[in-house]
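The sequence shown begins at 557 in our numbering and counts up one residue at a time.
Positions of the beta carbon are idealized from the N, C-alpha and C atoms, including for glycine.
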Amino acid sequence: MDYKESMLEVIGNTPLLKLNRVGKDVPANVFVKLEHLNPSGSYKDRMALSMVEAAERGETWNGKKLEPGGTVCDASAGNTAPALAFVCAMKGYKIKLCTYAHFLHSDDKNMSARLKISSAFGANHYPCPLPCDEVLDAFETDKERRFAVILAGKHHMYEMERDNPDVIWVDQIYNDANWKAHMQMGEEIYTQLEGNIDAWGASVGSGATFLGVAEALKGHNLKPYTYGVVPDEGTSLVDISTDIMDSTTMGRPPLRMKICEMLGLEKWVTEDSIVEKMYKKGYPDEWFGVTQDDARNMANRLCKEEGIYCGMSSGANVHSALKVAETLDEGQNVVTVIVDRRDRYMDEYPNDKYVV
C-alpha cells in the first residue's frame, strides 16, 4: 500500500518541468520547480514546517521552545500566512497572524484571498498596530511610511513573544530554519537534473529559497551562475539601486535600519538577516529588477502556454530565467521556481502585483 498519514508528508518532492513553449526561443533549457503544488499552494510550506519543528526543538534565536498547545505568531499578508496556518492546524498549535491594515476589510467578502485561505486553516487575524506619529513624521515619502508600517508589525510580534511565555515568533526574515528548509529543494533539483545545473535564480524576499538551493548545490561542488530577482522599484529588504554591492549597504538598507532603531526592534538591529548571510556568502552573481508588466505578462504566458496557474513572482522568475538562458549555450540548464498558485491573487486580478 502507498499512502500518507498526514498532509505534512505531502510537502516537497515537487515535479521539475521543462518550459518547451515559453523557452523555445532561447538556446539553454529553462526548468521550473513546481512549488505551487505544495498543500497550501506555495513553496512557503517547506519553510513553515521547518520553522515550527525548529521551534519545537528550541532552536530559536533566544532559545525559547514551542510547547504543546502553544501559539505561533508572525506578521504576514503573503504566502507565509496560509503556510503557517496550515502547518499549525496539522500540528495542533494556535496561530496568530498580524496583518497590515490595507489587507483587512470590514467584511469577509473583501478580505485578501491569502487571508481567506489562512482563515480556512483556522488562523486568527488582526491588524498590525501602526507606528507612533513620531516615527511616521520622521519620513517624507509614502514608500518610507509604508516600510515603517510593515516593520511596526514585526516589532509587535517581537513584543508579543517577549511578553507571552507560550508564544513563539517564527520571524521568517531572520530564521535559519527558513533557508535550511529550502536546501531540500536544492537536493531535489540536483537529483532531478542529475547534477547538470548551469544557472539558478529566484525572487529574493527573505532570501531563503535562493540561499537554501544555492548552498545545497554548493554542497555537491556545483557553482552555477546565480541571479536574484526583485521588483524594479526595490524592496525594504534588498536595495539594488546602489552602486556599492556589499553586504553592509545591500543587506542593511539605511532606511530599514533607521526604522528598526526608532521602533526598538532590537533583534533586527543586532542579528544578521538571511539576506545579509546571502551577501556574505557571495551571492548572487547578478540582479534583475523586473517591472510589474513584465512579471504579469510572463505569468499570463505561463498560464496560457504551459498550463501553469501561477502568480506574479513566478512570472518574474521565469522572465529573468529567460534573460539568463539567452547568454548560455544549447544544452545548458537554467532553473527557477514556480512560487505559488494564482488563486490567492484573484481579488487583485487583473492588476495583480509582483511583490516579495
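Taking the alpha helix (DSSP H) that V705 falls in, what are its first and last residues? By 1-based counting over the sequence shown, the position of residue 705 is 149. Segment 698-719, the alpha helix (DSSP H) holding V705.
Using the three-state DSSP reduction, which class does R898 fall into: helix, strand or coil? As a first step, residue 898 must be located in the sequence shown, where it is residue number 342. It is helical.
Find the nearest neighbour of S759 within the set G845, D581, Y905, judged by alpha-carbon distance. Here the question's residue 759 lines up with position 203 in the sequence shown. Minimum Cα distance to S759 is reached at G845.
Can you tell me where the beta strand (DSSP E) holding G597 begins and where it ends? One-based indexing of the sequence shown puts residue 597 at position 41. No beta strand (DSSP E) holds G597; DSSP gives it neither H nor E.
Are there 16 or more other CB atoms within 10 angstroms of the CB of R613, so buried, or fewer, so exposed? Taking the sequence shown and counting its residues from 1, one reaches residue 613 at position 57. In summary, R613 is exposed, with fewer than 16 beta-carbon neighbours lying within 10 Å of its beta-carbon over all protein chains present.
Who are the Cβ neighbours of L572 in its own chain at under 6 Å, not counting the five residues just before and after it? Within the sequence shown, the letter at position 16 stands for residue 572. Cβ-Cβ distances below 6 Å link L572 to F587, K589, Q748 in the same chain, with the five nearest sequence neighbours on each side left out; the list follows chain order.
Any heavy atom of the ligand ZN within a distance shorter than 6 Å of the CB on P787? The model depicted lacks the ligand ZN and carries no ligand whatsoever.
Which whole-angstrom value describes the C-beta separation of A679 and A633, a residue pair presumed to lie in contact below a C-beta threshold of 8 Å? The residue given as residue 679 occupies position 123 in the sequence shown. The residue given as residue 633 occupies position 77 in the sequence shown. In fact, because the Cβ distance is near 12 Å, the residues do not count as touching under 8 Å.
What three-state label does DSSP hand P787 in the structure shown? Within the sequence shown, residue 787 is the residue found at index 231, counting from 1. The answer is strand: DSSP assigns P787 an E or B state.
Cross-strand partners of C866 (DSSP beta bridge): By 1-based counting over the sequence shown, the position of residue 866 is 310. R897.
Since I believe M713 is in contact with R602 (beta carbons under 8 Å), could you give me their beta-carbon distance rounded to a whole number of angstroms? Position 46 of the sequence shown holds residue 602. Position 157 of the sequence shown holds residue 713. Wrong, their Cβ atoms sit about 21 Å apart, outside the cutoff.
Compare the C-alpha of L653 against each of E696, V726, Y599 and name the closest. On the sequence shown, residue 653 is found 97 positions in, with the first residue counted as 1. It is V726.
Let's test the definition: count the other Cβ atoms within 10 Å of the Cβ of T826 and tell me whether it reaches 16, buried, or not, exposed. In the sequence shown, residue 826 corresponds to position 270, counting from 1. Exposed, by the Cβ-count rule.
What is the rounded straight-line gap between the Cα of K872 and the Cα of V895? Residue mapping note: residue 872 aligns to position 316 of the sequence shown, counting from 1. Residue mapping note: residue 895 aligns to position 339 of the sequence shown, counting from 1. For the record, residue 872 in the displayed sequence is Ala; it is not Lys. The alpha-carbon atoms of A872 and V895 are separated by roughly 10 Å.
Under a Cβ-count criterion, where at least 16 other Cβ atoms within 10 Å of its own Cβ denotes burial, should Y682 be classed as buried or exposed? The sequence position of residue 682 within the sequence shown is 126, counting from 1. Exposed: under 16 other Cβ atoms inside 10 Å.
Near T782, which residues of its chain fall below 7 Å by C-beta distance, leaving aside the five closest residues on each side in sequence? Translated into positions along the sequence shown, residue 782 becomes position 226. Answer for T782: W756, G757, A770, Y839, P840, D841, listed in chain order.
So M607 packs on N734, CB below 8 Å; how close in whole Å? Counting from one through the sequence shown, the residue named residue 607 turns up at place 51. Counting from one through the sequence shown, the residue named residue 734 turns up at place 178. About 6 Å; that satisfies the 8 Å criterion.
How would you call N594, buried or exposed, if buried means at least 16 neighbouring beta carbons within 10 angstroms? Stepping through the sequence shown from its first residue, residue 594 is reached at position 38. Answer is buried; the Cβ neighbour count reaches 16.
Burial state of A676, where buried means 16 or more other Cβ atoms lie within 10 Å: Residue mapping note: residue 676 aligns to position 120 of the sequence shown, counting from 1. Answer is exposed; the Cβ neighbour count stays below 16.
Grab me the residues of C629's own chain with a C-beta within less than 6 Å of its C-beta, minus the 5 sequence neighbours each way, in chain order. Numbered from its first residue, the sequence shown carries residue 629 at position 73. Excluding sequence neighbours, C629 sits near K652, M713, M716, V723, W725.
Taking the C-alpha atoms as reference points, what is the distance between K909 and N752? For the purposes of this step, residue 909 is taken as the residue at position 353 of the sequence shown. For the purposes of this step, residue 752 is taken as the residue at position 196 of the sequence shown. Each residue's Cα considered, the two are about 33 Å apart.
According to DSSP, which residues form a beta bridge with T627? Here residue 627 refers to the residue found at position 71 of the sequence shown. Its beta-bridge partners are K650, V723.
Buried or exposed: where does S906 fall if 16 or more other Cβ atoms within 10 Å of its Cβ makes it buried? Taking the sequence shown and counting its residues from 1, one reaches residue 906 at position 350. Note that residue 906 is Pro in the sequence shown, not Ser. P906 comes out exposed.
Can the beta-carbon of F695 be found less than 7 Å from the beta-carbon of R702? Residue mapping note: residue 695 aligns to position 139 of the sequence shown, counting from 1. Residue mapping note: residue 702 aligns to position 146 of the sequence shown, counting from 1. It is not a contact, given that the beta carbons lie outside the stated cut-off.
To the nearest angstrom, how far is the alpha carbon of A584 from that of L773? Working through the sequence shown from its first residue, we reach residue 584 at position 28. Working through the sequence shown from its first residue, we reach residue 773 at position 217. About 19 Å.
How should S870 be labelled, buried or exposed, when 16 other C-beta atoms within 10 angstroms of its C-beta is the threshold for buried? As a position in the sequence shown, residue 870 is number 314, starting the count at 1. So S870 ends up on the buried side.
Cβ of I815 within 7 Å of Cβ of L692? Taking the sequence shown and counting its residues from 1, one reaches residue 815 at position 259. Taking the sequence shown and counting its residues from 1, one reaches residue 692 at position 136. Their beta carbons are not under 7 Å apart, which means I815 does not touch L692 by this criterion.
Taking the alpha carbon of G775 as the point to measure from, which residue in P810, S762, K736, L811 has its own alpha carbon closest? As a working note, residue 775 is residue 219 in the sequence shown. Measuring from the Cα of G775, the nearest candidate turns out to be K736.
Rounded straight-line distance, which links the Cα of M818 to that of V890: Residue numbering aside, residue 890 sits at position 334 when the sequence shown is read from its first letter. Residue numbering aside, residue 818 sits at position 262 when the sequence shown is read from its first letter. Approximately 42 Å between the Cα atoms of the pair.
Per-residue DSSP class, three states only, for L884: The residue you call residue 884 lines up with position 328 of the sequence shown. Looking at L884 - three-state DSSP - the assignment turns out to be coil, as it is neither helix nor strand.
In angstroms, rounded to a whole number, what distance separates the CA positions of R900 and G568? Here the question's residue 900 lines up with position 344 in the sequence shown. Here the question's residue 568 lines up with position 12 in the sequence shown. For R900 and G568, the distance between alpha carbons rounds to 20 Å.
What are the boundary residues of the alpha helix (DSSP H) that includes L819? By 1-based counting over the sequence shown, the position of residue 819 is 263. Counted as a single uninterrupted DSSP element, the alpha helix (DSSP H) harbouring L819 occupies residues 810-819.
For S668 and S662, the rounded distance between their alpha carbons: Within the sequence shown, numbered from 1, the residue matching residue 662 stands at position 106. Within the sequence shown, numbered from 1, the residue matching residue 668 stands at position 112. Any reading at S662 needs caution, since the residue's pLDDT is 45, under 50, leaving its predicted position unreliable; the model's value is listed next. Each residue's Cα considered, the two are about 12 Å apart.
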